[in-house]
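Numbering (full-length UniProt numbering), first residue to last: 1 to 165.
We treat Cβ as the ideally placed atom computed from N, Cα and C, and that holds for glycine.
The model shown is predicted, which means the values in this text are computed figures rather than measured ones.
The block underneath contains the structure these notes are about, expressed in structure tokens.
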């Protein structure tokens, strides 16, 4: 039952993520709101990368960021970021569909070089917080990036100001 609920939200929100990533024009990829922020391309790439973390979240008890390697590919074109998203979201869906609900309350943690980055928590809490909510947070940032660069924002939960005439 829990898996079905997670999968339903996953599929719905993956479609929303797809919409927002496809709304990014190449001309906005290098823009960033300040020196402390990522560029639009880096932020979009990170959003695509979050889907790469499903397998280690569901299938490992410790995610070691010290040994984690990820090839983000060429992020100089929005279509490349979308392609990486599509690759990662397919793997994430498979990891979720093949997950074992009996492990959802097992403890999971993230470490790097022996230091705890994300304290031990039940996997279900990690899925909701680290995977889902973390993604929603960054999508919200991307909405601001699109608006700040004069680009249209697709409706994720209904029409946006761009849809109202």
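Discussion item. Could you pull the DSSP bridge partners for residue 118 from this structure?
Written reply: 110
Worksheet item: Name the DSSP beta bridge partners of residue 63, please?
Response: Bridge partners of residue 63: 110.
Worksheet item: Which whole-angstrom value is the C-beta distance of residue 2 and residue 97, which I expect to be below 8 Å?
Response: Not quite, the Cβ-Cβ distance comes to about 13 Å (not below 8 Å), so this is no contact.
Worksheet item: What's the C-alpha gap between residue 56 and residue 79?
Response: 26 Å
Worksheet item: For residue 105, does the count of other Cβ atoms within 10 angstroms reach 16, so buried, or fall short, so exposed?
Response: exposed
Worksheet item: Should residue 131 and residue 43 be called a contact, given that it needs their Cβ atoms to be closer than 7 Å?
Response: no
Worksheet entry | Range of the contiguous alpha helix (DSSP H) that encloses residue 147 | 134-148
Worksheet item: According to DSSP, is residue 105 helix, strand or coil?
Response: coil
Practice prompt. With DSSP as the reference, label residue 161 as helix, strand or coil.
Written response: coil
Worksheet item: Quick one: Cα of residue 167 to Cα of residue 134, how far?
Response: Here the chain has residues from 1 to 165 only, and residue 167 is not among them.
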